[in-house]
Amino acid sequence: MDLVEQKRKQREFALASVSEVSSSSSSASPGVGVFAGDRLQIRNESNHILLSVHLTDFQLFRLGPIESVCMVEGSDDKQTSYSSGVAIQFRNEEESEAFHCVFQQWKKDFNVQAGNLPNGTNVITSKSKFDEKIESSSAKMYFHYYGQLLHQQNMLQDYVRTGTYYAAVIENRSDFMGRVVVDVGAGSGILSLFAAQAGAKHVYAVEASEMAEYARKLIAGNPILGQRITVIKGKVEDVELPERADILISEPMGTLLVNERMLESYVIARDRFLTPNGKMFPSVGRIHMAPFSDEYLFVEIANKALFWQQQNYYGVDLTPLHGTAFQGYFSQPVVDAFDPRLLIAAPMFHVIDFTKIKEEELYEIDIPLKFVATVGARLHGLACWFDVLFNGSTARRWLTTAPGSPTTHWYQLRCVLSQPIYVVAGQEITGRMHLIAHTAQSYTIYLTLSAKTWGPGAEQGGILQTSSCKLDLKEPYYRMSQPQAYPLNQDQQPQVLLPSQDINIQSQDLDEVEMMQQPSPKSCAQIDSLMQTA
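Following the UniProt record's numbering, the numbering of the sequence shown begins with 1 at its first residue and continues without gaps.
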């Protein structure tokens, strides 16, 4: 039996002191709290019952690390009021956590059985925060996907990902040694095993999918490490832990960093389980963005809609749907690995500090865009990638998905405009990327890019061209072909976009590798013709 199950089966707790909050004559004395059936009973050292109350008639409030109060609800139907209560002081923080853990589980178990209650009994069953914002069909598919070993293998075989996590943990043994760790969305349990290797006192591996059973099997097969790991099947929004965590470790990143909305669960776990001075691995994420020019990609997407230009498809004219199909293909973000020389301006980035951001701030992300074109080209859209920082006490490591770096299973992402924009070297490109979360565990992307007037008087000039698009991050076009080979000029050398080693992430002055210039694109007559018909 693991530690959490032991705590949940405990039904009687010794209390350092108990006293009635509504009685001026009541003095504090040691006591005992007992969960029995559908009631909580609190007695003092004289075995006098201070409280015996039904589950539906009271609330338990935490006042401090070892202080709580149990308040009995009054009978006012218009608003919640309390008629009496008992102040409780526990002997230590561990027993306080255990008591609250049992209380929460007791409530859930009771609510599950609410259908068997006598007629007229009113029980309010609380709905999971996760279930409130995510549609059930999406959640079912999500947990089914990550419950399969083949998908876990795909992530484990991403050696950039797995190797960076391993290095970040092992190089920072001092952060993990003797500490309590919570692995958020543990999957196969590999990060929990890394934490145990680094000397963690105990690791709680929280996993909501059926992968939790495979994680238990893998951890049991590594008994020296596994004896310090407890697998808990459930969502971090719902589960209770017997103690606070010194470290949270997780791999919550999706495409464009935020896809799948697991960052919100990571933040919720921080608020629920992490001690005030605890560490998060990773602690910071950055979304990098830069405009790009890629005629091959644009032609490829536009050509998909040519099917709908047929005027005699088994006697049917398909052209009425061509325009809709054309825009539909451009509503899919493109996921692939591309040559960094396709970028036509130096990148910028948007910082998400996992240690500080509020969950609600991830529901809507608004990013103003501003670039200066380094070459004359047709601007086809916005390229995006991300990196995350493991800010350990001993070593700091970046995990990057930048173009030109070793490819990861995240690849990069590009938002392609159906109406490209012409720009010249030195021209300012402005715009906005607006991400709005939706219930299918992803985001709708609203992108606008504009080219400002250039040359003499440009500061007084306005917008010359604007192009916008709406994309669904949930439905990308996975284009897994290798990056096109672009010939180097004699004065060019291959480059890799590396994350800055400067950890002052609050500054927009992080050193970025200077972008290579790209040859001007070829004739666009074919695409111009396509766009006119669209």
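Note that beta-carbon positions come from the ideal geometry of N, C-alpha and C, so glycine has one too. Computed from a predicted structure; not experimentally measured.
* Using the DSSP secondary-structure output, state which residues sit across from Thr230 in a beta bridge. => What you label residue 230 is simply residue 230 of the sequence shown in a count that begins at 1. Beta-bridge pairing links Thr230 to Tyr204.
* What are the boundary residues of the alpha helix (DSSP H) that includes Gly328? -> For the purposes of this step, residue 328 is identified with residue 328 of the sequence shown, where counting begins at 1. Gly328 -> alpha helix (DSSP H) spans 322-329.
* Residue range of the alpha helix (DSSP H) that Ala167 falls in? -> Here residue 167 is taken as the residue at index 167 of the sequence shown, counted from 1. 159-170 is the span of the alpha helix (DSSP H), which, as asked, contains Ala167.
* To do: Pick helix, strand or coil for Tyr314, following the three-state DSSP scheme.
  => Here residue 314 is taken as the residue at index 314 of the sequence shown, counted from 1. Here Tyr314 sits in coil by DSSP.
* To do: Quick one: residues in its chain with C-beta nearer than 7 Å to the C-beta of Leu149, no 5 flanking neighbours on either side, listed in chain order?
  => For this step, residue 149 is matched to residue 149 along the sequence shown. Same-chain partners within the cutoff: Tyr214.
* List the DSSP bridge partners of Trp385. => For the purposes of this step, residue 385 is taken as the residue at position 385 of the sequence shown. In DSSP, Trp385 forms a bridge with His288.
* Asked: Can you tell me where the alpha helix (DSSP H) with Phe61 in it begins and where it stops?
  -> For the purposes of this step, residue 61 is identified with residue 61 of the sequence shown, where counting begins at 1. No alpha helix (DSSP H) contains Phe61, which is instead part of the beta strand (DSSP E) from 58-62.
* Asked: Nearest CA to the CA of Leu379: which residue from Ala451, Gly33, Val102, Leu464?
  -> In the sequence shown, the residue the question calls residue 379 occupies position 379. The candidate whose alpha carbon is nearest that of Leu379 is Ala451.
* Asked: Asp238 by DSSP, collapsed to three states: which one?
  -> As a position in the sequence shown, residue 238 is number 238, starting the count at 1. Asp238 falls in the coil class under three-state DSSP.
* Asked: Could you check where the alpha helix (DSSP H) with His144 kicks off and where it finishes?
  -> Working through the sequence shown from its first residue, we reach residue 144 at position 144. It spans 136-146 - the alpha helix (DSSP H) in which His144 sits, taken as one unbroken run.
* Assign Met433 to one of three DSSP states: helix, strand, or coil. => Reading the sequence shown from its first residue, position 433 is the one you call residue 433. Three-state result, Met433: strand.
* Asked: Per DSSP, Lys470 forms a beta bridge with which residues?
  -> Working through the sequence shown from its first residue, we reach residue 470 at position 470. Beta-bridge pairing links Lys470 to Tyr446.
* For Pro242 and Glu67, believed in contact at Cβ under 8 Å, the rounded distance -> Numbered from its first residue, the sequence shown carries residue 67 at position 67. Numbered from its first residue, the sequence shown carries residue 242 at position 242. Between Pro242 and Glu67 the Cβ distance is about 18 Å, and since that is not below 8 Å, they are no contact.
* If we ignore side chains and look at the alpha-carbon of each, how far apart do Gly185 and Lys107 end up? -> Residue mapping note: residue 185 aligns to position 185 of the sequence shown, counting from 1. Residue mapping note: residue 107 aligns to position 107 of the sequence shown, counting from 1. C-alpha separation (whole angstroms): 24 Å.
* Which first and last residues belong to the beta strand (DSSP E) in which Ala36 is found? -> Within the sequence shown, the letter at position 36 stands for residue 36. Its beta strand (DSSP E) spans residues 29-36.
* Mind the definition here: the segment 292-308 touches the segment 425-441 only if three or more C-beta pairs lie below 8 Å; say whether that holds. => no
* Determine which residues share a DSSP beta bridge with Ala451 and list them. => Residue 451 sits at position 451 when you count from the first residue of the sequence shown. The partner list for Ala451 (beta bridge, DSSP) reads Ile429, Gln465.
* Could you spell out where the alpha helix (DSSP H) holding Met211 opens and where it closes? => Mapped onto the sequence shown, residue 211 falls at position 211. Its alpha helix (DSSP H) spans residues 211-220.
* Could one say the Cβ of Asn172 lies closer than 8 Å to chain C's Cβ atoms, at least one of them? -> The chain inventory of the structure shown lacks chain C, comprising one protein chain alone.
* Which class does Met71 belong to by DSSP, given the choice of helix, strand or coil? -> If you number the sequence shown from 1, residue 71 lands on position 71. Three-state result, Met71: strand.
* Asked: At a cut of 8 Å, does the segment 245-253 reach the segment 175-194 through at least three beta carbon pairs?
  -> yes
* Do you know how far the Cα of Leu447 is from the Cα of Ser467? -> Numbered from 1 along the sequence shown, position 467 holds the residue referred to as residue 467. Numbered from 1 along the sequence shown, position 447 holds the residue referred to as residue 447. Cα-Cα distance, rounded: 8 Å.
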